[in-house]
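Chemist:
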Amino acid sequence: NAGVTQTPKFQVLKTGQSMTLQCAQDMNHNSMYWYRQDPGMGLRLIYYSASEGTTDKGEVPNGYNVSRLNKREFSLRLESAAPSQTSVYFCASSKLDSSSPLHFGNGTRLTVT
Amino acid sequence: AQKITQTQPGMFVQEKEAVTLDCTYDTSDQSYGLFWYKQPSSGEMIFLIYQGSYDEQNATEGRYSLNFQKARKSANLVISASQLGDSAMYFCAMREFGNQFYFGTGTSLTVIP
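The listed protein sequences correspond, in order, to chains A and B. Last residue of the first sequence: 114 in my numbering, with the numbers rising by one and none dropped. Last residue of the second sequence: 517 in my numbering, with the numbers rising by one and none dropped.
1. Counting along the chain, where does the beta strand (DSSP E) carrying GLN7(A) start and finish?
2. SER32(A) CB to nearest chain B CB: under 8 Å?
3. Between which two residues does the beta strand (DSSP E) carrying MET493(B) extend?
4. Going straight from the alpha carbon of SER446(B) to that of GLY108(A), what length do you get?
5. Note down, one range per segment and in chain order, each beta strand (DSSP E) of at least 3 residues found wholly within the segment 44-80 of chain A.
6. Please compile the residues from chain B whose C-beta is within a distance smaller than 8 Å of the C-beta of ASN107(A).
7. Report yes if the C-beta distance between GLN412(B) and ASP426(B) is below 8 Å; otherwise report no.
8. For ALA51(A), return the contacting residues in chain B, with the cut-off set at a CB-CB distance below 7 Å.
9. Mind listing the chain A neighbours of THR509(B)? Cutoff is C-beta to C-beta under 7 Å, in chain order.
10. Could you name the residues that DSSP lists as bridge partners for GLY456(B)?
11. By the three-class DSSP mapping on this structure, what secondary structure does LEU1(A) have?
12. Note down, in chain order, every chain B residue with its Cβ under 7 Å from the Cβ of PHE91(A).
13. Would SER94(A) be called buried (16 or more neighbouring beta carbons within 10 Å of its own) or exposed?
14. Helix, strand or coil for GLY489(B), going by three-state DSSP, please let me know.
15. Could you give the first and the last residue of the continuous beta strand (DSSP E) run that contains ASN29(A)?
16. Less than 8 Å between the beta carbons of ILE516(B) and GLU419(B), yes or no?
17. Measure the alpha-carbon distance for VAL423(B) versus ASN462(B) and round it to whole angstroms.
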């Protein structure tokens, strides 16, 4: 079982460059999420998609866009990267059942110089 | 207001001893779920234990138990018989009706041999 697969694992960007983080899950989950993790701040929600065809902003959406391509895939795009976006990014998925936990990908470590 | 508060940035415990990691939450929903995750130094997020707001019994999973005090809005994680492999960051999270998951800032646990 692959679970949640994120690519790439590492990325270095220059300020102003763009990139897309890819995420796919094979657990038939309806909901998918993008979080960023910064030291001392826990995980903060960027965007989420409760079900295919819907996306909603989380706590820190500025500078990001998302696409729920289909039920399996949920991508995160940085249009013009800034040093403040240096972080570890996690994709996660879950069933709609309120007792279901988040299943995480292994994370993407992004550095913006 | 913070949805999830973890007031212990760092904790130390002697091997084979029990340790309690604190978590308080804030919600006006009647139905919600509480989760604990472990993040070892390798970076992956590992789901440990779940407690539903209507569950009358405290959740247990092996050496992990959740001390749920609904009136106090606390959901503390108890790890019994600590092992060296328990050294990690631990995150408390809450899922509300709207399918968003909120995370605390985490507690770094170090198990001392």
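Each residue gets a CB set at the ideal place from its N, CA and C atoms; glycine is no exception. This structure is a prediction, so every number in the text was calculated from the model and none was measured.
Modeler: Let's see:
1. One-based indexing of the first sequence puts residue 7(A) at position 6. Counting along the chain, the beta strand (DSSP E) containing GLN7(A) begins and ends at 5-8.
2. Within the first sequence, residue 32(A) is the residue found at index 31, counting from 1. Chain B contact via Cβ: present.
3. Locating residue 493(B) in the second sequence gives position 89, counting from the first residue. Start and end: 492-499.
4. As a position in the second sequence, residue 446(B) is number 42, starting the count at 1. As a position in the first sequence, residue 108(A) is number 107, starting the count at 1. Their backbone Cα atoms lie some 10 Å apart in a straight line.
5. 65-69 and 75-79
6. What you label residue 107(A) is simply residue 106 of the first sequence in a count that begins at 1. The contacting residues are GLY447 and GLU448.
7. Taking the first residue of the second sequence as position 1, residue 412(B) is located at position 8. Taking the first residue of the second sequence as position 1, residue 426(B) is located at position 22. Against a cut-off of 8 Å, the Cβ pair of ASP426(B) and GLN412(B) comes out as a contact.
8. Reading the first sequence from its first residue, position 50 is the one you call residue 51(A). ASN503, listed in chain order.
9. Position 105 of the second sequence, counting from 1, holds the residue named residue 509(B). What THR509(B) touches in chain A: GLY41, MET42 and GLY43.
10. Working through the second sequence from its first residue, we reach residue 456(B) at position 52. DSSP, once it has assigned bridges, lists GLY437(B) as partnering GLY456(B).
11. Because chain A is modelled from 2 through 114, residue 1(A) falls outside the range shown and cannot be assessed.
12. By one-based count along the first sequence, residue 91(A) stands at place 90. Neighbours of PHE91(A) on chain B, chain order: MET449.
13. Working through the first sequence from its first residue, we reach residue 94(A) at position 93. Counting Cβ neighbours within 10 Å, SER94(A) comes out buried, since at least 16 surround it.
14. Translated into positions along the second sequence, residue 489(B) becomes position 85. GLY489(B): helix per DSSP, three-state reduction.
15. Within the first sequence, the letter at position 28 stands for residue 29(A). Element bounds for ASN29(A): n/a, residue is neither H nor E.
16. For the purposes of this step, residue 516(B) is taken as the residue at position 112 of the second sequence. For the purposes of this step, residue 419(B) is taken as the residue at position 15 of the second sequence. Yes.
17. The sequence position of residue 423(B) within the second sequence is 19, counting from 1. The sequence position of residue 462(B) within the second sequence is 58, counting from 1. Whole-angstrom Cα-Cα distance: 16 Å.
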